[in-house]
Amino acid sequence: MQTTQYLAEISKELQRSIGLISDAEAEELVNAILKATKVFVAGAGRSGFMGKSFAMRMMHMGIDSYVIGETITPNFEKEDLLIIGSGSGETKSLVSMAEKAKAIGGKLAAVTIFPESTIGQIADMAIQMPGSPKDQSESDYKTIQPMGSLFEQTVLLFYDALILRFMEKKGLDTNKMYGKHANLE
C-alpha cells in the first residue's frame, strides 16, 4: 500500500471513531472545565502528549491549565479539575493520581476507551473514546494502526473539538486567542 492509501484508511477510521463519541459526555466535560478554578491534564506516553496540546490550547483561551509533572504545575485543590487521558484506564501511576485528586476533593474526568476501568469508576465523569487496547487482543474495534494510535489521534481531535466549543461558549475567536500565544520563540 502507498502512504496516501494509508492516510486515506486512517481518515476513514477517524471518521468512524468520531461518530461514536457522545455529545452529552463532551458537553459535561466542557461545562466542568468552565466551572473549574484550575484544570490539570495527565496521561502517559502519547496520550500525555495529546493532553499537553490540550492544556496549551486552554491556556490560549485564558483557562488556568497545567500539565501534571511539569516543574511549574501548582497544587491541586477542591475547586480544580483533573482530566486523565488513558486508553486502558488502568495505568498505575494515573490510577494513583486519580485517587489522590478525589481524596483532595477535586473533580476528575476520564477520557478512556473503558469507562468501566479503575480510573473510569473513580471519575466524576467518563468520556468514552472508541478504539482498541494497545495489544488489540480484546476488541471488536479494528484498526490498521499500531498499538494505541487510533485512540490517541481520536483524543487529539476530541480535545480540539472541545476547544471550538469553548470558543463558541465564551465568544472567542482565533485572533483573541493568538494574543496569548508564545512570543519569545
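Okay, so the sequence shown: first residue is 10 according to my numbering, each after it adds one.
Don't be surprised by glycine CBs; every beta carbon is placed ideally from N, CA and C.
As the structure is a prediction and not an experimental result, all values here were calculated from the model.
For the pair Phe175 and Leu90, the CB atoms are not nearer than the 9 Å cut-off. Annotation: Thr82 to Phe160 spans about 26 Å, alpha carbon to alpha carbon. The alpha-carbon separation between Thr100 and Ile128 amounts to approximately 9 Å. A straight-line Cα-Cα distance of about 42 Å links Leu181 and Met10. For Ala33, the enclosing alpha helix (DSSP H) begins and ends at 32 to 44. Assignment of Ile93 by DSSP, reduced to helix, strand and coil, places it in the strand class. For Ser62, the three-state secondary structure derived from DSSP is helix. Counting other Cβ atoms within 10 Å of its Cβ, Ala107 reaches 16 or more and is therefore classed as buried. The C-alpha of Leu23 is placed about 34 Å away from the C-alpha of Phe85.
For Tyr15, DSSP records no beta bridge to any residue. Distance from the CA atom of Arg25 to the CA atom of Gly140, rounded to whole angstroms, is 10 Å. Apart from the 5 residues on each side of it in sequence, Ile19 has no Cβ closer than 6 Å to any other Cβ in its chain. Around the beta carbon of Thr163, a 10 Å sphere encloses 16 or more other beta carbons of the protein chains shown; the residue is thus reported as buried. The alpha-carbon of Ala135 is positioned some 35 Å away from that of Thr13. Straight-line spacing of the CA atoms in Leu173 and Gly60 works out to 16 Å. Assignment of Lys116 by DSSP, reduced to helix, strand and coil, places it in the strand class.
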